[in-house]
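> Chains as they are written, first to last, in the numbering used here: chain A, 42 to 346; chain B, 668 to 948; chain C, 942 to 1206; chain D, 942 to 1206; chain E, 179 to 485.
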Amino acid sequence: MKQIVAVLTVLAAIVIVWYAACIPMNIKGVLTEQERAGAEVQPPSAKDRRDMDEIGLALNNAFAIPATWEQERPRLPAPHQVAIEMWETTVQKKITSKRSLIYHGWVTLSATMLGFVIGTGLGILLAVGIVHSRVMDLSVMPWAIVSQTIPIIALAPMIIVVLYSVGVQGIIPKAIISAYLSFFPVVVGMVKGLRSPDAMQLDLLRTYNASRSQGFWKLRLPASMPYLFTSLKIGVAASLVGAIVGELPTGAVAGLGARLLAGSYYGQTVQIWSALFAAAILAACLVGLLGLIERTVLKRMGMAQ
Amino acid sequence: MIPILGAIAVWLLGWWLNSRLASGPYSDTRMVRFLAPLIFGLTVIGIWELVVRGLEVPLVILPAPSVIWVRFWDSLPTLWADFVQTIIKGALSGYLIGCGSAFLMAIAVDRWDFLRLGLLPVGNFVAALPIVGTAPILVMWFGFDWHSKAAVVVVMVFFPMLVNTVAGLREATAMQRDLMETYAATYWQSFLKLRLPAAMPFIFNGLKISTTLALIGAIVAEFFGSPTLGMGFRISTSVGQLSLDMVWAEIVVAALAGTAFYGLVAMIEKAVTFWHPSQRG
Amino acid sequence: MNTENTTQPVIEARQLDLTFQTNDGPIHALKDVNLSVGKGEFVSFIGPSGCGKTTFLRCIAALETPTGGSLTVNGMTPDEARRNRAYGYVFQAAGLYPWRTIAKNIKLPLEIMGYSSAEQDERVKKVLELVDLEGFEGKFPWQLSGGMQQRASIARALAFDADILLMDEPFGALDEIVRDHLNEQLLALWARTEKTIGFVTHSIPEAVYLSTKIVVMSPRPGRITDVIDSPLPKERPLDIRDTPEFIEVAHRVREGLRAGHGDDV
Amino acid sequence: MNTENTTQPVIEARQLDLTFQTNDGPIHALKDVNLSVGKGEFVSFIGPSGCGKTTFLRCIAALETPTGGSLTVNGMTPDEARRNRAYGYVFQAAGLYPWRTIAKNIKLPLEIMGYSSAEQDERVKKVLELVDLEGFEGKFPWQLSGGMQQRASIARALAFDADILLMDEPFGALDEIVRDHLNEQLLALWARTEKTIGFVTHSIPEAVYLSTKIVVMSPRPGRITDVIDSPLPKERPLDIRDTPEFIEVAHRVREGLRAGHGDDV
Amino acid sequence: DEVTLQLKWVTQAQFAGYYVAKDKGFYEEEGLDVTILPGGPDIAPTQVIAGGGADVTVEWMPAALAAREKGLPLVNIAQPFKSSGMMLTCWKDAGIAAPEDLKNRTLGVWFFGNEFPFMSWMSQLGISTDGKSDSGVEVLKQGFNVDPLLQRQADCISTMTYNEYWQVIDAGVTPEELVTFKYEDQGVATLEDGLYVLEENLSDAAFADKMERFVRASMKGWKYAEENPDEAAEIVLENDATGAQTEEHQKRMMGEIAKLTAGSNGALDPADFNRTVETLLAGGSDPVITKQPDGAWTHQITDAALN
Ligand SMILES: Nc1ncnc2c1ncn2[C@@H]1O[C@H](COP(=O)(O)OP(=O)(O)OP(=O)(O)O)[C@@H](O)[C@H]1O
Ligand SMILES: Nc1ncnc2c1ncn2[C@@H]1O[C@H](COP(=O)(O)OP(=O)(O)OP(=O)(O)O)[C@@H](O)[C@H]1O
Ligand SMILES: [Mg+2]
Ligand SMILES: [Mg+2]
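1. What does a CB cutoff of less than 7 Å around residue 773/B pick up in its chain, not counting 5 residues either side in sequence?
2. Return no unless some Cβ of chain B is closer than 8 Å to the Cβ of residue 250/E.
3. Does any CB atom of chain D fall closer than 8 Å to the CB of residue 131/A?
4. Would DSSP call residue 293/A helix, strand or coil?
5. Using a Cβ-Cβ cut-off of 6 Å (strictly less than) and excluding sequence neighbours within five positions of residue 236/E, which residues of its own chain qualify?
6. Spatial neighbours of residue 1128/C within its chain, please: C-beta separation below 7 Å, excluding the five flanking residues on both sides.
7. Can you find at least 3 beta carbon pairs, one from the segment 359 to 368 of chain E and one from the segment 452 to 460 of chain E, that sit closer than 8 Å?
8. For the pair the segment 216 to 234 of chain A and the segment 153 to 170 of chain A, tell me if three or more CB-CB distances fall below 8 Å.
9. Residue 696/B: buried (16+ other C-beta within 10 angstroms of its C-beta) or exposed?
10. Out of curiosity, what's the CA-to-CA distance linking residue 293/A and residue 323/E?
11. Any chance you could list the beta strand (DSSP E) runs of at least 3 consecutive residues sitting entirely within the segment 876 to 913 of chain B, in chain order?
12. Between the Cα of residue 1119/C and those of 950/D, 952/D, 1106/D and 1145/D, spot the shortest distance and give me the residue it belongs to.
13. Beta carbons nearer than 9 Å to chain C: which residues of the segment 844 to 873 of chain B have them?
14. Check for me: the alpha helix (DSSP H) holding residue 277/E runs from which residue to which?
15. Note down the Cα distance separating residue 270/A from residue 168/A, rounded to an integer number of angstroms.
16. At a cut-off of 7 Å, is residue 990/C close to ligand 1 when judged by its beta-carbon and the heavy atoms of the ligand?
17. So is residue 1013/D in contact with chain A if we call contact Cβ pairs under 8 Å?
18. Just the Cα atoms here: how many angstroms apart are residue 312/E and residue 95/A?
19. Across the segment 993 to 1003 of chain C and the segment 1054 to 1064 of chain C, are there enough close Cβ pairs to call them in contact, namely three or more that are closer than 8 Å?
20. Could you work out which residue in 68/A, 329/A, 176/A and 213/A is closest to residue 276/A when comparing CA atoms only?
21. State the CB to CB distance for the pair residue 225/E and residue 727/B, rounded to an integer number of angstroms; the pair is presumed to be in contact (CB under 8 Å).
22. Which class does residue 756/B belong to by DSSP, given the choice of helix, strand or coil?
23. In chain order, which continuous runs of the alpha helix (DSSP H) of length 4 or greater are located wholly inside the segment 351 to 377 of chain E?
24. Any idea what DSSP makes of residue 1162/C, helix, strand or coil?
25. So the alpha helix (DSSP H) residue 396/A belongs to, where does it begin and stop?
26. Give the straight-line distance between the Cα atoms of residue 449/E and residue 731/B, rounded to the nearest whole angstrom.
27. Taking CB distances under 8 Å as the criterion, tell me whether residue 934/B reaches chain C.
28. Taking buried to mean at least 16 other C-beta atoms within 10 Å of its own C-beta, is residue 1164/C buried or exposed?
29. Which runs of the beta strand (DSSP E) fall wholly inside the segment 989 to 1049 of chain C and span at least 3 residues, in chain order?
30. Does the Cβ of residue 470/E have 16 or more other Cβ atoms within 10 Å, making it buried, or fewer, making it exposed?
31. Using three-state DSSP, classify residue 116/A as helix, strand or coil.
32. Determine whether the Cβ of residue 289/A lies closer than 8 Å to any Cβ atom of chain E.
33. Which residues does DSSP list as the beta-bridge partners of residue 246/A?
34. I think residue 356/E touches residue 268/E, with their Cβ atoms under 8 Å apart; what is that distance to the nearest whole Å?
35. What are the start and end residues of each continuous beta strand (DSSP E) run of 3 or more residues lying completely inside the segment 1055 to 1111 of chain D, in chain order?
36. If you scan the segment 378 to 458 of chain E from start to end, which runs of the alpha helix (DSSP H) of 4 or more residues do you find wholly inside it?
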């Protein structure tokens, strides 16, 4: 309850700041429009206004302030503009329509899910290898860190082209980029998790003369569950970013990334912002869903108190 | 065919060497901890070279490491200029501003519970905004030079740093806090003497995550507009010109810079949090 | 009987009540607790796990707020007393800060209370001697054994001049020999400084050996079932534990405990 | 004296040595340890912290490899004995797996050793009775008090038929009343099953009350300073602790400990 | 037979001919099953074809010639676009009237292989591109929209006659406020939107035959699009998966595109090729190509396809 009040307060504060920020951000564009429409603007020429202070401009031309919240292509769209756009492109469009955000969200989501499954699968396998083989631990782990310093996003177009060349197209290239991004947090989290049993718990199994696989299934795997879920949550958000990145270079085909690109290409700031928010909401939903699964699983395992 | 067999041989050799090292008597020494990944890296590079040569992969798809190496040495001045533009100006300044302001914000969040309850969920939401969407907006707002890149980096590192620092500041155990209570310590006394030191492992965790984010952010932001300089600019332009060797040379720079940056932060961490069990092990 | 009536009470609880609200419903941790402790007394609290010993100590130190009844310390509320820095508290685990050396850990309260640097050094030296830890000032907590850590945490509580020393099972983790030794030292310190001490323990001999007053508690809800004023003299060599008076008091404590335990074994 | 010579030794250590290599240089944890334990004996290990009690127990269970001397268990190496599942080990902390219910925790060794499902259920039922935990099968560890957890971990070690039960301070965290009760039960169990038991404790009365043989150890380097064969009968009511024999043995143990302690108090 | 076509950019009227040919069944008539892959901001069509991801690609000639020098033997088999649509669009009030006025300004330029015509032009003008000075300009790598001009971060930006220019106009700017320099008018135009294939494939008779049919059908599509611009624009819209394109913009674009394709029957005019090569060879200190390209185009396909 207290949390809801707090969140709403913070949101309200953000919205107010946002509206206020629209004024200096958009005032120059608005004044240019007003000038073209014949209004009297101080100073009258766009060239003079170019290097002027925005807040001063807004004060000098107070009549133009309301228009900063209504521009068609603002530098910073007002919150209600984004909200209306999202409403129109989700609820008011058929979800099969190419103009529906839900359709595009679904396209992105399917690549995200595929990539997430591949990424986590590989991540867990690698983590198991690292935990069980000292050779892998010594030689692979440092490179996993180095691999994260490579700007994969910059490589996305090349990856896609290379995959084209072996005949892989469509959802797979996106999924691979998304898998690459989700892979690392899962490896790190799972290595930590699989190593989380303490010496005593391991010794206990030794006194039973348990085999390695028994040790894995009965001790390491269950013990790693909380870590797994934490890293899955990070991983799924990364996956989504990966899928969106993968959509950019393949051209404005479909998906939230394509929406972002098209919005950017045609200067449709409102569309960019609504695609951005759609992506963030999608991420929040995925993380929330994982949180829900986490809670039920851990509860059934008796690990949530 | 022969290069492919060679590649398999290189793989087996690398694996054999590392197995020997790992199970040998010195497997816990620093030397091995350094050597094993090196051997692994060299193995991968060897295989790469042989496969590219063996299958005659075109240069415009994947250049061989030797070609990249030559390009790297030939283009040092360009690479250096790009490095300064992207890493020093864009990534580093954004990193400092972002981590610094996140730290200050974390103190405020820690101080007022209301902020923690309200801001953190919103913060997590904002952190989920994909960089490829925010970068063009920030380029539009902050111009083409490194300022917009720094802004992208600030946005990227702010929330991971905030979340980690806030978690860290709550890390002190109830008993440690109670002790401060019995001394009737003021807020700032208990902050400086208890919560801040206890938070250090978490703060460094955030700082480490942020290093790679900063690098990636600065490079990717250049895709959306830049002066004719910078690693992201060079990568995308070189792809267009099919100079894949240059692309990979820049990637080498990014990996080197990222590893060095990460390593530096990890070293400072070791010095500051020497007392933490994870550093003593 | 010897001290309670002669001096004004330092700690006075009347019908003290404390209920924790938890997700599984309320837990009645303390119920109708009445206790009066005079200046310079050594009070031990003993009772089965979960009977509210720690909770009561925390109430005295203003770390917990009672939900009913009254509690005064030196005639003030516990919170005022806390602000006057009346308490030295030793927690069950040593709770040293791992990033500070032993000496710096002991200096912690002194820094907070604004002692001069010279005074800090002097006091650290004094209390380290008191707990036999000379030469370990520069070590970090994790370089010391559990027993040494516990002693350092006692030194930390002694470093400043708190009237009231509250100790929650300080010797729980130590072996018998070390424990005996520290018991002797604690008694000597108490005799010298006239501090009022509240002491939680699970060991009957320890409680009887140390205390002027033994408070036996029982759980669900936590309450005091017996308060035993010790007839033992203030001067207590270790072998006092073989005297009939000692064995008798120990027996009474054991009976009280057993009664409180009931079915819960 | 009573059992050692009549049966073939189950555990036999000759000049056992163990040195840990650490960053701060080697630590000599065990030096020249000689011990022979017969079938069905109850051996207690007592000594100050860090004297190598745990290390010795771990050597027996093949969790640690000695660096010198010889050690045989049932005439085999400890590792062979481990593979024959000769050991039930109770660790100092309960160490239950938090994601398993009490019943499932007790089943863990049974699953690993491949008992049939029906047999598992039956054994769980039996050992839960033995430690007075009927009705708690479905609970998770954190829903139990510390004492109950410790009992569950003892049940886990009893569930399969290990010849040798090794217990490392199993009752360290319990209060005296609960401890007495568990001591009685452990003795009863031992009398019934004829297991050989190795038991680490810090409490002199506990060691004397339980054991047929008390091994006193001293640190730096860890070695055995005294082995006391108990003259007490096998049948031991709780009040045997007030008999002169008991007090005498306790005295001898205390003296041995004090000698070993030396300056290290 | 299957043919994969890689476009240079996203689905829009710039590629109307191919979409029309597909939609109207012209490819089918030739017995072809054509897959059209849209491009995007960071996809290099040359790289796609090098990797075997496409049989034929739409590319600009400078990029294709540069790739050829890099060892990727691309050959122009058809040239549906006669003229160049590229231009530089500037604010008039910034005081720019002639190319000489560009000195000391900030210009937005596309990179990713599209910077070659601009670089050649600047070197012909004797203007350096290393930064603002009396003899130089500051070059920005502009993104794929017209914001830098609208936000006045740049004095001039690159635009296409059929696309970005109209976005500026759509943003409310009147043509009178702008000054444009068409590369065509400046004599530095280079050939755009040609069809390129890998040289080694051409010697394969089956492939050549496939390309003949492809070019024939494509040109039929182009001519149909020229004659029915509105219908062509709608076909493009139907093929746009993002749903971001507007009908108005695409119809107008189709109109502009028609002007560029008008003079071509699909066969490359060698004179245009030579002019392009000259322009590129003149490209200053860091020229796009260093030597006269050899065999970079052929009439083999168009001769067979169009006669
Ligand atoms: N913060 C809390 N919230 C809810 N319940 C609590 C809290 N602290 C203590 N309790 C409950 O209050 C009761 C008394 O706890 P307390 O810690 O005082 O026992 P104790 O006598 O110190 O036991 P022990 O000997 O195990 O330390 C217990 O039932 C405990 O579960
Ligand atoms: N894995 C290890 N590496 C290095 N030193 C060790 C290790 N295990 C134990 N030691 C050292 O060996 C000595 C004996 O330790 P051990 O745990 O056997 O003592 P203990 O008698 O069980 O003490 P306690 O009563 O505190 O449990 C100690 O000095 C300890 O520090
Ligand atoms: Mg307590
Ligand atoms: Mg031990």
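For each residue, glycine too, the CB sits at the ideal point set by N, CA and C. Values in this document were obtained by computation on a predicted structure and should not be read as measured data.
With the structure as the only source:
1. Start at 1 with the first residue of the second sequence, and residue 773/B comes out as number 106. 829, 832, 833 and 836, listed in sequence order.
2. Residue mapping note: residue 250/E aligns to position 72 of the fifth sequence, counting from 1. With 8 Å as the cut-off, residue 250/E counts as an interface residue toward chain B.
3. Sequence index remark: in the first sequence, residue 131/A carries index 90 (1-based). So no, residue 131/A is outside the interface.
4. Locating residue 293/A in the first sequence gives position 252, counting from the first residue. At residue 293/A the pLDDT is 49, less than 50, meaning the model places this residue with poor confidence; the figure from the coordinates comes in the next sentence. The DSSP-derived three-state label of residue 293/A is coil.
5. To locate residue 236/E, count along the fifth sequence from 1; it is residue 58. Cβ neighbours of residue 236/E beyond the five flanking positions: 185, 186 and 371.
6. Locating residue 1128/C in the third sequence gives position 187, where the first residue counts as 1. For residue 1128/C, where only same-chain residues beyond five positions count, the Cβ hits under 7 Å are 1151 and 1177.
7. Contact annotation: the segment 359 to 368 of chain E touches the segment 452 to 460 of chain E, with at least three C-beta pairs closer than 8 Å.
8. Three or more Cβ pairs closer than 8 Å define a contact, and the segment 216 to 234 of chain A meets that threshold against the segment 153 to 170 of chain A.
9. The residue labelled residue 696/B in the question sits at position 29 within the second sequence. Exposed is the call here.
10. As a working mapping, residue 293/A is identified with position 252 in the first sequence. As a working mapping, residue 323/E is identified with position 145 in the fifth sequence. At residue 293/A the pLDDT is 49, less than 50, meaning the model places this residue with poor confidence and gives no usable figure here.
11. Counting whole runs of 3 or more residues, the segment 876 to 913 of chain B contains no beta strand (DSSP E) stretch at all.
12. As a position in the third sequence, residue 1119/C is number 178, starting the count at 1. Among 950/D, 952/D, 1106/D and 1145/D, the Cα nearest to that of residue 1119/C belongs to 1145/D.
13. Within the segment 844 to 873 of chain B, the residues whose Cβ lies closer than 9 Å to some Cβ of chain C are 845, 846, 847, 848, 849, 850, 851, 852, 853, 856, 857, 860, 861, 864, 865 and 867, listed in chain order.
14. Taking the fifth sequence and counting its residues from 1, one reaches residue 277/E at position 99. No alpha helix (DSSP H) contains residue 277/E, which DSSP labels as neither H nor E.
15. One-based indexing of the first sequence puts residue 270/A at position 229. One-based indexing of the first sequence puts residue 168/A at position 127. C-alpha separation (whole angstroms): 14 Å.
16. The residue given as residue 990/C occupies position 49 in the third sequence. Yes, Cβ of residue 990/C sits closer than 7 Å to a heavy atom of ligand 1.
17. As a first step, residue 1013/D must be located in the fourth sequence, where it is residue number 72. Contacts with chain A at 8 Å (Cβ-Cβ) do not include residue 1013/D.
18. Numbered from its first residue, the fifth sequence carries residue 312/E at position 134. Numbered from its first residue, the first sequence carries residue 95/A at position 54. Their Cα atoms are separated by approximately 30 Å.
19. The segment 993 to 1003 of chain C, when compared against the segment 1054 to 1064 of chain C, does not touch it at the 8 Å Cβ threshold.
20. By 1-based counting over the first sequence, the position of residue 276/A is 235. Comparing C-alpha distances from residue 276/A to each of 68/A, 329/A, 176/A and 213/A shows the shortest one belongs to 329/A.
21. Position 47 of the fifth sequence holds residue 225/E. Position 60 of the second sequence holds residue 727/B. Sure, about 6 Å apart at Cβ, within 8 Å.
22. Taking the first residue of the second sequence as 1, we reach residue 756/B at position 89. Shown here, residue 756/B sits in a helix according to DSSP, grouped into three states.
23. Counting only runs of 4+ residues, the alpha helix (DSSP H) found wholly inside the segment 351 to 377 of chain E occupies 361 to 364, in chain order.
24. Counted from its first residue, the third sequence places residue 1162/C at position 221. Correct three-state label for residue 1162/C: coil.
25. Absent from the structure is residue 396/A, since the part of chain A shown begins at 42 and ends at 346.
26. The residue given as residue 449/E occupies position 271 in the fifth sequence. The residue given as residue 731/B occupies position 64 in the second sequence. Roughly 39 Å separates the two Cα atoms.
27. Stepping through the second sequence from its first residue, residue 934/B is reached at position 267. By this cut-off, residue 934/B is not an interface position.
28. Start at 1 with the first residue of the third sequence, and residue 1164/C comes out as number 223. The residue is buried, with at least 16 neighbouring Cβ atoms inside 10 Å.
29. Complete beta strand (DSSP E) runs here, min 3: 1009 to 1014 and 1028 to 1031.
30. Taking the fifth sequence and counting its residues from 1, the one referred to as residue 470/E is at position 292. Flag for residue 470/E reads exposed.
31. The residue given as residue 116/A occupies position 75 in the first sequence. Note: residue 116/A maps to coil in three-state DSSP.
32. Translated into the one-based positions of the first sequence, residue 289/A becomes position 248. Taking Cβ atoms only, chain E reaches closer than 8 Å to residue 289/A, which makes this a yes.
33. In the first sequence, residue 246/A corresponds to position 205, counting from 1. Paired residues: none, contrary to the question.
34. For the purposes of this step, residue 356/E is taken as residue 178 along the fifth sequence, with counting starting at 1. For the purposes of this step, residue 268/E is taken as residue 90 along the fifth sequence, with counting starting at 1. The beta-carbon distance between residue 356/E and residue 268/E, rounded to whole angstroms, is 7 Å. This is short enough to meet the 8 Å contact definition.
35. Counting only runs of 3 or more, we get 1105 to 1109.
36. Runs of the alpha helix (DSSP H) inside the segment 378 to 458 of chain E: 383 to 405, 407 to 417 and 425 to 439.
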